[in-house]
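Okay, so here's the structure we're looking at.
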Amino acid sequence: MAAPDHTPSEPDEIRAEAKGTAQVPLSVLDLVTVGAGRTATDALRTSVKLSRLAEDRGFHRYWVAEHHSMPGVASTSPAVILAHLAAHTTRIRLGSGGVMLPNHAPLVIAEQFGTLEAMAPGRVDLGLGRAPGTDGATAAALRRTERLNEGADDFPQQLAELTRFLDDDFPSGHPYARIHAVPGPVQATSPGGVQSPHRPPIWLLGSSGFSARLAGTLGLPFAFAHHFSAQNTVPALDLYRESFRPSAVLDSPYALIGVSALATDDEKEARRQIMAAALNMVRLRTGRPGLVPTPEEAEAYEFSPMEREFVDSWNANVVHGTADEVRSGLDDLQKRTGADELMLTANAHSGDVRLRSYELIADAYQLPTTGETRAEPQA
1 MAAPDHTPSE PDEIRAEAKG TAQVPLSVLD LVTVGAGRTA TDALRTSVKL
51 SRLAEDRGFH RYWVAEHHSM PGVASTSPAV ILAHLAAHTT RIRLGSGGVM
101 LPNHAPLVIA EQFGTLEAMA PGRVDLGLGR APGTDGATAA ALRRTERLNE
151 GADDFPQQLA ELTRFLDDDF PSGHPYARIH AVPGPVQATS PGGVQSPHRP
201 PIWLLGSSGF SARLAGTLGL PFAFAHHFSA QNTVPALDLY RESFRPSAVL
251 DSPYALIGVS ALATDDEKEA RRQIMAAALN MVRLRTGRPG LVPTPEEAEA
301 YEFSPMEREF VDSWNANVVH GTADEVRSGL DDLQKRTGAD ELMLTANAHS
351 GDVRLRSYEL IADAYQLPTT GETRAEPQA
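According to this note's numbering, the sequence shown is numbered sequentially starting from 1.
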């Protein structure tokens with residue numbers, strides 16, 4: 001598939017500079033997790049606080065991920081959440097990590113992210129995935145079809161269509177040539193029209209080789225889900241770099257990886273917290289999704305031998321401990337993978353624990369602080 005024509009993105013809309021003593025830029029991935037005894041409103045208030053903290057401490061971008069039918073994950077509608085966060089931040093890049101393209105009509109995504117771009121000019125990322133972000137039955141309900149494989153197989157075509165809508169450049173004679181995503185470039189061609197020079201840069205997300213190869217072939221930035229597919233990280237990044245072809249978007253590869261990372265003031269407390277998140281994953285993987293349990297509930301839970309094996313494997317890929325231990329683990333991971341950016345996700349029952357983790361990591365890397373005073377968020 002040939003790379004679609006693009007309006008070149010500004011270099012700093014994709015590449016970032018490391019701050020403090022970090023070897024690469026650090027960013028945040030938010031699943032808007034809901035703990036037992038908490039509400040989605042509580043989770044969204046935490047997301048506002050976390051986005052502000054990330055902005056004030058020099059994290060480069062803040063992404064939210066699309067998931068469905070999971071009580072403990074309130075990020076079903078990334079565009080809606082990003083609009084809310086845009087109203088509470090001023091500088092940090094905001095984006096989807098990602099929108100699951102087969103779940104949506106490309107025109108709808110182009111309209112949503114064109115609107116976000118109008119709200120927060122020059123700081124919106126559009127990360128796209130080809131998985132449903134849920135189970136098959138929920139995906140069928142979202143897409144109004146039982147032909148789920150078709151959505152994944154058609155991903156390159158859907159991507160090309162979305163890009164055309166974002167750039168408003170369908171060729172003459174195409175059935176969609178007279179259809180325009182608004183807000184978008186068509187407004188600049190209307191009488192008296194003035195259009196923003198920015199267009200959300202597209203990122204491809206993946207947990208295997210398919211999107212890695214496609215991102216490389218199209219010359220797009222690539223984000224890999226190391227946090228749940230660690231065994232595939234190095235092969236996928238190698239494939240991305242080997243497949244890379246310079247484009248109007250990038251002249252060389254740029255890849256970030258999502259990393260589960262949790263820092264606490266005490267190593268034992270970090271272990272307690274990640275066990276609760278691991279129990280949540282056990283329940284999800286065995287068809288019993290629920291709210292994120294408390295550490296006390298996880299301590300009282302009797303894991304079966306098979307569950308214990310899963311937990312040990314899962315937690316082996318969570319960088320956790322004191323701030324210094326997490327910094328060392330992240331540095332080692334970056335060296336091993338050659339990632340250009342690390343996007344950290346902190347899964348814990350308590351929003352305060354998650355906020356504290358990012359504060360500790362920022363301090364460990366001597367990230368700058370603006371010292372801004374902000375009002376408490378209202379969800």
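The C-beta atom is built at its ideal place from N, Cα and C for all residues, glycine as well.
Own chain residues within Cβ distance below 8 Å of residue i, not counting five before or after
i	result
A181	L107, A110, E111, G114, F165, L166 and D168
P235	G209
E297	A36, A276 and L279
T233	F224, H226, I257 and T337
T345	V28, L29, D30, L31, H227, G258, V259, S260 and A261
R91	E55 and R123
V353	L262, T264, Q273 and A346
E117	V124, P183, S196, H198, R199 and P200
Candidates the options, of which the one nearest residue i by Cα
i	options	result
E17	R61, T217, D56 and S51	R61
A458	A141, L284, S313 and A300	With the chain covering only 1 through 379, there is no way to say anything about residue 458.
P156	A139, Y176, A177 and I202	I202
M343	H227, S247, S172 and R283	H227
G122	L101, D12 and N317	D12
L355	D42, L50 and L237	L50
T39	L291, R93 and T189	L291
D238	R272, T76, F224 and R327	F224
T138	T76, D332 and L159	T76
S207	D251, G136, P175 and R130	R130
A79	R199, H88 and L94	L94
R283	E267, K268, E302 and D266	E302
L159	A177, E117 and V99	V99
D153	P305, L101 and R57	L101
S357	R57, F170 and S190	R57
L250	F222, S328 and P293	F222
V326	P293, T286, E267 and T370	E267
T21	S328, G192 and G351	S328
P289	H67, T41 and S47	H67
G136	S47, G287, S190 and P175	G287
A177	L53, E161 and H88	E161
R52	R285, T370, P191 and T89	T89
Residues near residue i by beta carbon distance below 7 Å, same chain, minus five either side
i	result
M119	A83 and A86
A323	A263, L360, I361, D363 and A364
M281	W314
P295	R272, Q273, M275, A276 and H349
G23	A small fix is needed here, since residue 23 is Gln in this sequence, not Gly. Around Q23: D331 and Q334.
T370	D56
H174	none
A105	none
Bridge-paired residues (DSSP) for residue i
i	result
D12	Answer is none; D12 lacks a bridge partner.
D30	V64
H88	Per DSSP, none; premise fails for H88.
T345	S260
V124	L94
F59	Answer by DSSP bridge pairing: none, since F59 is not bridged.
A22	For A22, which the question treats as bridged, DSSP gives no partner whatsoever.
F224	G206 and I257
G321	A263
T73	Just to set this straight, residue 73 is Val in the shown sequence, not Thr. Answer is T33.
G338	Partner(s): none; G338 has no beta bridge.
M100	G129
Close beta carbons around residue i, own chain, < 6 Å, minus the five adjacent residues each side
i	result
H320	L262, A270 and I274
M97	Before going on, a small fix: residue 97 reads as Gly here, not Met. The answer, listed in chain order, is L29, W63, A65 and G127.
R142	Here residue 142 is Leu; the residue named in the question, Arg, does not match the sequence. Answer for L142: N103, listed in chain order.
S243	R213, G216 and T217
N317	A230
R241	P253
P25	A16, A18, H60 and E341
H211	According to the sequence provided, residue 211 is Ser. The question's His does not apply to it. Contacts found: L204.
Could you tell me whether the region 30-44 touches the region 68-76, where touching means 3 or more Cβ pairs closer than 8 Å? By the criterion of at least three beta-carbon pairs nearer than 8 Å, the region 30-44 is in contact with the region 68-76.
Touch test, the region 332-339 against the region 249-258, Cβ-Cβ under 8 Å, three pairs minimum: Result yes; three or more Cβ-Cβ pairs closer than 8 Å.
Stretch pair the region 298-318 + the region 360-371: three plus CB contacts closer than 8 Å: Judged by Cβ distances under 8 Å, the region 298-318 makes no contact with the region 360-371, as fewer than three pairs qualify.
What are the uninterrupted segments assigned as beta strand (DSSP E) that are 3 or more residues long and contained completely in the region 258-298, given in chain order? Within the region 258-298, complete beta strand (DSSP E) segments of at least 3 residues are not found at all.
In the region 175-204, which residue ranges form an unbroken alpha helix (DSSP H) of at least 4 residues, counting only runs that do not cross its ends? Counting whole runs of 4 or more residues, the region 175-204 contains the alpha helix (DSSP H) stretches 186-189.
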